[in-house]
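What follows is a single structure, written as structure tokens, with notes after it.
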Amino acid sequence: DQQVKQNSPSLSVQEGRISILNCDYTNSMFDYFLWYKKYPAEGPTFLISISSIKDKNEDGRFTVFLNKSAKHLSLHIVPSQPGDSAVYFCAASAVRDDKIIFGKGTRLHILP
Amino acid sequence: DSGVTQTPKHLITATGQRVTLRCSPRSGDLSVYWYQQSLDQGLQFLIQYYNGEERAKGNILERFSAQQFPDLHSELNLSSLELGDSALYFCASSDRRTITGELFFGEGSRLTVL
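Chains as they are written, first to last, in the numbering used here: chain W, 1 to 112; chain H, 113 to 226.
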């Protein structure tokens, strides 16, 4: 049972444009949603998070939107830069379960 | 550099063997998490320890076991290895008892079972 789904294995975006990565979840008990970024041969690094009581969180070029009724969240990167090329993992956590569930990841390619 | 150290970085072994993966968390972090990343799979949660005690369990096989020692480092033991156990194993740490946010990941240990 995949509780966190990233349905796009890869995405290509022109440099300077907006990148939108999507994520769906099934468990309405999740309290926090997170995005991690992973470069080859490195561990994932935390990017941005959002509490389930909010619908938007912004940090510089990165904004996460949460639509609880649709059980959907998205990560917007504006403007996209070459260094943004990486695998992005969507993740969710429920405090009572005390574990973070990750999606399969979306590989983002920023094209020159 | 996340501050989380994993050894070994690479390991090649044969089916039926047993290996131990080691993780040193960031200084001060009490929680350690283990994740498995197989080909085309996301990060599968295996197990979490907080200050030496098992706190949460995920899809960890009975052939696998883990522990966290008094100095807070953790070991993941994989036994009776099968080809399908070939994967990247990540350790992560946090300073929180329960999950509310950021985990700090090590660079992973790549296990190849031949």
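Glycine included, every Cβ here is placed at the ideal spot set by N, Cα and C.
- Take the alpha-carbon of glutamate 214/H and the one of leucine 142/H: they are about 13 Å apart.
- If you draw a straight line from the Cα of serine 8/W to the Cα of glycine 103/W, it comes to about 11 Å.
- Residue-level contact check: alanine 168/H touches chain W, since one or more beta carbons of chain W fall below 7 Å from its beta carbon.
- Within its own chain, the residues whose Cβ lies closer than 6 Å to the Cβ of serine 177/H, once the five positions on either side in sequence are excluded, are Asn189, listed in chain order.
- Within the DSSP secondary-structure output, alanine 70/W pairs in no beta bridge.
- Think of a sphere of 8 Å around the beta carbon of lysine 99/W: the chain H residues whose beta carbon falls inside it are Tyr145, Phe157, Gln160, Ala168, Gly170, Ile211, in chain order.
- Under the three-state reduction of DSSP, leucine 195/H is assigned to helix.
- Minimum Cα-Cα distance from glycine 128/H among the listed residues Arg175/H, His122/H, Ser192/H, Ser114/H corresponds to Ser192/H.
- DSSP, read as helix, strand or coil, puts aspartate 141/H in coil.
- Straight through space, the alpha carbons of serine 150/H and isoleucine 53/W are spaced by roughly 33 Å.
- Contact between isoleucine 100/W and glutamine 81/W is ruled out by a C-beta separation of about 27 Å, above the 8 Å threshold.
- Our two residues, phenylalanine 202/H and leucine 123/H, have alpha carbons roughly 14 Å apart in a direct line.
- Cβ proximity to chain H below 9 Å picks out Asp31, Tyr32, Leu34, Tyr36, Lys38, Ala41, Glu42, Gly43, Pro44, Thr45, Phe46, Ser49, Ser51 from the region 30 to 57 of chain W.
- In the DSSP assignment, glutamate 166/H falls within the unbroken beta strand (DSSP E) covering 165 to 169.
- If you check each beta-carbon in the region 101 to 112 of chain W against every beta-carbon of chain H, the ones closer than 9 Å belong to Ile101, Phe102, Gly103, Lys104, Gly105.
- The beta carbon of glycine 115/H does not come within 7 Å of any beta carbon belonging to chain W, so the residue lies off that interface.
- When Phe217/H, Pro120/H, Arg208/H are compared, the shortest CA-CA separation from threonine 132/H is found for Pro120/H.
- Taking the C-beta atoms as reference points, valine 4/W is found nearer than 7 Å to tyrosine 25/W.
- The criterion of a C-beta distance shorter than 7 Å is not satisfied by glycine 218/H and valine 144/H.
- Under the DSSP definition of a beta bridge, aspartate 24/W partners with Lys5/W, His72/W.
- Using a Cβ-Cβ cut-off of 8 Å, glutamine 153/H is close to Lys104 of chain W, given in chain order.
- A Cβ-Cβ separation of about 11 Å leaves leucine 75/W out of contact with leucine 66/W under the 8 Å criterion.
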